[in-house]
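Remarks on the structure that follows.
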Amino acid sequence: ILFHVGLQVKVIPATVTEGQKVTLTCITTCTLTDNPNPTYIWYKNGHVTTQSNSLFLNPVSSEDAGRYSCAVEGHENLPSPEETLTVRYGPKNTSVSVSPSGEIVEGSSVTLTCSSDANPPVDKYTWYKKNVTSPKASGQSYSITNISSEDRGEYYCEAQNGRGSMNSTALMIIVAGKVPSSILQYKTTCFNLILIIIPCLI
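Each residue of the sequence shown is one higher than the last, beginning at 1 in the UniProt record's numbering.
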């Protein structure tokens, strides 16, 4: 891609927190003799966004972050070099996943993982169980080993960074009881008897 060295994007300020305002201005150091009052075309991450001399983002959101460049209308093949707008924001879309999925049997182990979108990235995860005052654990993952009926309940995580915090929706953990070994042995015996009886039928 060829760049127009006479065009420059000015981002003020270049790094902001979501909710603040940002101004992006397309500046030219060249005199456009054929068009003294040009219309500028703005690009975000290589895609056309709008036509104006300046972009006013107020309030700015996390979706506005990206690489911006501009070009003079009629000279779209000569855009300015890109400038990056960084937007900082607190945790969003915080959620909990469980592994392995499916039925959780007493005596087995499960791992809960917390995910969240944030800039800067989440630096602290805290785990809670509903109706329990103190936190259960910290860290992005929380493992419960040798799970029992006492572990059943609703679990959620809190994600934090320097810009804020957000709780996930609660995930219900249901613990199924173990099948007694005597019942398993009985089923195996019955299955073997059927295998023996069926070949005798004429």
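Glycine residues also receive a C-beta, built at the ideal position from the N, C-alpha and C atoms.
Quick one: what's got a C-beta closer than 6 Å to residue i's C-beta in the same chain, skipping five residues either side?
i	result
Cys157	Val96, Cys114, Tyr125, Trp127, Ser168
Val72	Pro38
Ala14	none
Phe171	One detail in the question is off: residue 171 reads as Leu in this sequence, not Phe. Cβ within range, chain order: Val96, Tyr155.
Ser62	Glu18, Val87, Tyr89
Gly6	Thr28, Thr29, Cys30
I need the boundaries of the beta strand (DSSP E) containing residue i, first residue and last residue.
i	result
Glu158	153 to 161
Leu24	22 to 28
Could you work out which residue in the options is closest to residue i when comparing CA atoms only?
i	options	result
Gly90	Gly153, Val16, Ser138	Val16
Lys21	Gln140, Val11, Val98	Val11
Gly162	Pro81, Pro120, Asn53	Pro120
Glu83	Ser116, Gly46, Lys136	Gly46
Gly19	Met172, Ile173, Gly164	Gly164
Gln8	Phe56, Leu78, Tyr155, Ser61	Leu78
Gly66	Ser54, Arg88, Arg152	Arg88
Pro81	Ile174, Thr25, Gln140	Thr25
Pro100	Ser143, Phe56, Thr23	Ser143
residue 204	Lys44, Ile174, Thr133	Residue 204 lies beyond the residue range present for the chain, which begins at 1 and ends at 202; the question has no answer from this structure.
Asn53	Glu150, Val60, Ile27	Ile27
Asn58	Lys44, Thr23, Tyr68	Thr23
Ser141	Lys44, Leu112, Tyr43	Leu112
Just verifying my parser: in three-state terms, what is the DSSP assignment at residue i?
i	result
Glu83	strand
Lys10	strand
Thr17	strand
Thr189	Summary for Thr189: the model assigns pLDDT 41, below 50, so the residue's position carries little reliability, and this model does not support an answer.
Val175	strand
In its own chain, which residues sit with a C-beta less than 7 Å from the C-beta of residue i, not counting the 5 before and 5 after it?
i	result
Ser108	Ile147
Val122	Pro91, Ser116, Ala159, Gln160, Asn161
residue 207	No information on residue 207 is available, as it lies outside the stretch 1 to 202 that the chain covers here.
Val105	Ala176, Lys178
Ala137	Trp127
Gly139	Tyr125
Asp151	Ile144, Ile173, Val175
Glu103	Ala176
Excluding sequence positions up to five away, which residues of its chain have a Cβ less than 8 Å from the Cβ of residue i?
i	result
Lys130	Gly153, Glu154, Tyr155, Tyr156, Ala170
Ser149	Glu106, Val175, Gly177
Uninterrupted beta strand (DSSP E) stretches inside the region 41 to 69 (no shorter than 3 residues): 47 to 51, 54 to 57
Contiguous beta strand (DSSP E) assignments of at least 3 residues, all confined to the UniProt domain "Ig-like" (91 to 173): 110 to 119, 124 to 129, 141 to 144, 153 to 161, 164 to 167, 171 to 173
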